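Numbers 1392 to 1815, taken from our numbering, label the letters of the sequence shown in order.
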Amino acid sequence: MSALALACAPHAAKAQNGAEAAGSAPSPAPATAAVKDPIEAAAFDAAMAQADPAAQGAALEAFVARYPNSLIRADALEKATAAYLEARDLDKVEALSGRLLTLEPRNARALAMLAFVLRQRAAAAPADQAPALADKAAAVAERGLANLAGWRPAADAGGDAAASARSEMSAIFNGALGYRALLQKDYATARPYYLAAVAADPTGLDDVYQLAVVSLQGRPSDPVGFWWAARAEALAAAAEDAHAKAAIEAYARPLYRRYHGTDDDWEGVLAQAQGAMAPPAGFAIAPAPSPASVAVQAVHDSPVASLSFSDWEFILAQRDASPQNRAAADKVWDNIAALQSRGLKMRFKVKVIAVRPHALDAAVTDNNQGAGHADLHVSLAVDPTSALKPGATTEVTGVLTGYTPSPFAFTMQQAQVEGDGGAN
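Put into structure tokens, the structure is as follows:
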């Protein structure tokens, strides 16, 4: 699964958490004391007494239809919308939140529930339809953030409940804005929204995972994204969402291996993210050593005389990367020159790549033979035999007189072709 496909996939655990967040936030207590008609007040109380969320939503919707001018009409619509959200009836949530916003355009809870539903629809939609739905969710989220500061909880709501509700709505709004930018592959814009969403709700699986994606896919890539990916995997495991856990692992581990050079310590990152809500201060992943660094280290760690022909090629190819690489390449070349100064000629079994008058191009290493890339330019004292064709194998003997680092190739002179020149 691609990064974007996984990032856009809805997760049941997150959807349920979001529904609870949007649907359970405290709202202003209905002004039942101001309702003069005891029958109307009793009808509202009866609707609220319904234990099943879908039944409660339907009863509250019926109450609004029966009492269209009720003083508590907006409260009833808000509670009906929340009940339908808990029941996962997204069509009803979208319809009723729209009605509620017609009455109260700045109602933060209604905006949160609508933004949540629209983001869920975008995540489940075909790829060609998702961006438009994400745009709608983000537009609602922008209104929500603009009105969140003025939101007031119910008078009887405790301070902790009010703070929790505000955080939950902030997570929904910021997550929807991040999601729009994610679909646009605007990772730099998406990242601060996801950071805000995760700060507000550290347990939101989709937002945590998508924060990992935008961190790792951005340019430059931010390796802290690996911690967020590990955190998302831990959340998926805690939610017993085996599919999401496996998908996150399949995305993150290969990227980690490519960045770090090995995945041997990926399990350590997973363990670090198990119980934490945010990366530790100074969290970092060391990048894999560059080819140039590996070349210098190889000459430092091993006697030059012990290096293989493939090692020669690798180290010489990095010659121009740095002064240290030039010094390493010079040591290898000096060793080759010393061998030949004693009258030794190099002898290689090669695959012929191209034949020219008094010359041929050949591949020496297995990798180059397999790829059909010449890494040896040979000058011959006599023209090669007519039997020597591209693709044939033979042996050449001569003196290495130089090399070019990129694309890498040795130059051999005073060479003779030996062997049978037969095809592979």
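Each residue gets a CB set at the ideal place from its N, CA and C atoms; glycine is no exception.
Since this is a predicted model, take the numbers as computed values, not measurements.
CB L1646 to CB W1619, shorter than 8 Å?
no
Mind listing, in chain order, the continuous alpha helix (DSSP H) runs of no fewer than 4 residues lying wholly within the region 1590-1667?
1596-1608, 1615-1629, 1633-1651, 1657-1664
Return the chain-ordered list of same chain residues with a C-beta closer than 7 Å to the C-beta of A1588, the five sequence neighbours on each side being excluded.
A1562, N1565, G1566, G1569, G1595, D1598
Compare the C-alpha of V1426 against each of Q1805, E1452, R1464, A1450 and name the closest.
Minimum Cα distance to V1426 is reached at R1464.
Can you tell which of A1627, Q1688, R1622 has its C-alpha closest to the C-alpha of D1662?
For the sequence presented, residue 1662 should be read as Ala rather than Asp. Taking only the C-alpha atoms, the option nearest A1662 is R1622.
Could you pull out every residue in the same chain whose Cβ sits closer than 6 Å to the Cβ of Y1584, ignoring the five residues on either side in sequence?
N1565, L1568, G1569
Could you check whether L1707 and P1775 sit closer than 8 Å to each other, using their CB atoms as the reference points?
Going by beta carbons, P1775 and L1707 fall outside the 8 Å limit.
Taking the straight line between their C-alpha atoms, what separation do you get for S1461 and A1515?
A1515 has its alpha-carbon roughly 37 Å from the corresponding atom of S1461.
Does T1493 pass the burial test, meaning 16 or more other C-beta atoms within 10 Å, or should it be called exposed?
exposed
Count the other CB atoms, across all protein chains shown, that sit within 10 Å of the CB of T1785; report buried if there are 16 or more and exposed otherwise.
Looking at its Cβ environment, which holds 16 or more other Cβ atoms inside 10 Å, T1785 is buried.
Going straight from the alpha carbon of A1471 to that of L1626, what length do you get?
30 Å
Count the other CB atoms, across all protein chains shown, that sit within 10 Å of the CB of M1668; report buried if there are 16 or more and exposed otherwise.
exposed
Measure the C-alpha to C-alpha separation of Q1520 and D1526 and round it to an integer number of angstroms.
10 Å
Alpha carbon to alpha carbon, what distance is there between P1517 and G1609?
24 Å
Could you name the residues of the same chain whose beta carbon sits closer than 6 Å to that of R1510, not counting the 5 residues immediately before and after it, in chain order?
A1528, A1567, Y1570
Given Q1715, which residues of its chain have a CB within under 7 Å of its CB, disregarding the five upstream and five downstream residues?
Correct list, in chain order: V1687.
I'd like to know if the region 1750-1763 and the region 1720-1734 are in contact, where contact means that at least 3 CB-CB pairs between them fall below 8 Å.
Cβ pair count under 8 Å is below three, so no.
For G1414, does the count of other Cβ atoms within 10 angstroms reach 16, so buried, or fall short, so exposed?
Interpretation of G1414 is limited by its pLDDT of 48, a score under 50 that renders its predicted location unreliable; no figure is taken from the coordinates.
At the level of alpha carbons, what is the spacing between D1443 and A1453?
15 Å
In the structure shown, what three-state DSSP assignment does Y1794 receive?
Note: Y1794 maps to strand in three-state DSSP.
In the DSSP assignment, find the unbroken beta strand (DSSP E) run with V1746 in it and report its ends.
Per DSSP, V1746 belongs to the beta strand (DSSP E) from 1737-1747.
How many angstroms separate the CA atom of Q1447 from the CA atom of A1467?
10 Å
What does DSSP give as the partner residues of T1802 in its beta bridges?
H1768, G1793
Report the option in E1624, A1449, R1457, V1660 whose CA atom is closest to the CA atom of E1431.
Checking every option, the nearest Cα to that of E1431 belongs to R1457.
Comparing C-alpha positions only, which one of H1749, A1506, G1782 sits nearest to H1764?
G1782
Should A1486 and G1535 be called a contact, given that it needs their Cβ atoms to be closer than 8 Å?
no
Nearest to Y1578 by CA position, among A1590, L1481, A1552, G1616, is which residue?
G1616
Applying the criterion that 16 or more other CB atoms from any shown protein chain within 10 Å of the CB defines a buried residue, is A1772 buried or exposed?
exposed
In the DSSP assignment, the beta strand (DSSP E) including A1754 goes from what residue to what residue?
1750-1754
If you draw a straight line from the alpha carbon of D1632 to that of A1638, how long is it in whole angstroms?
10 Å
Between the alpha carbons of Q1804 and G1652, how many angstroms are there, rounded?
39 Å
Considering only the alpha carbon of each residue, which of A1762, F1799, L1735, R1649 lies closest to A1806?
Ranking A1762, F1799, L1735, R1649 by CA distance to the CA of A1806 puts L1735 first.
Might you give, ordered along the chain, the residues of its own chain that have their beta carbon closer than 7 Å to the beta carbon of A1478, omitting 5 neighbours on each side?
The beta carbon of A1478 lies closer than 7 Å to those of P1444, A1445, G1448 in the same chain, with the five residues before and after it left out.
DSSP on A1410, reduced to helix/strand/coil?
Confidence at A1410 is low in this model, with a pLDDT of 49, below 50, so the placement of that residue is unreliable and no value is reported for it.
Can you tell me whether S1488 is buried or exposed? The criterion is at least 16 other CB atoms within 10 Å of its CB, across all chains shown.
buried
Which residues does DSSP list as the beta-bridge partners of E1809?
E1786
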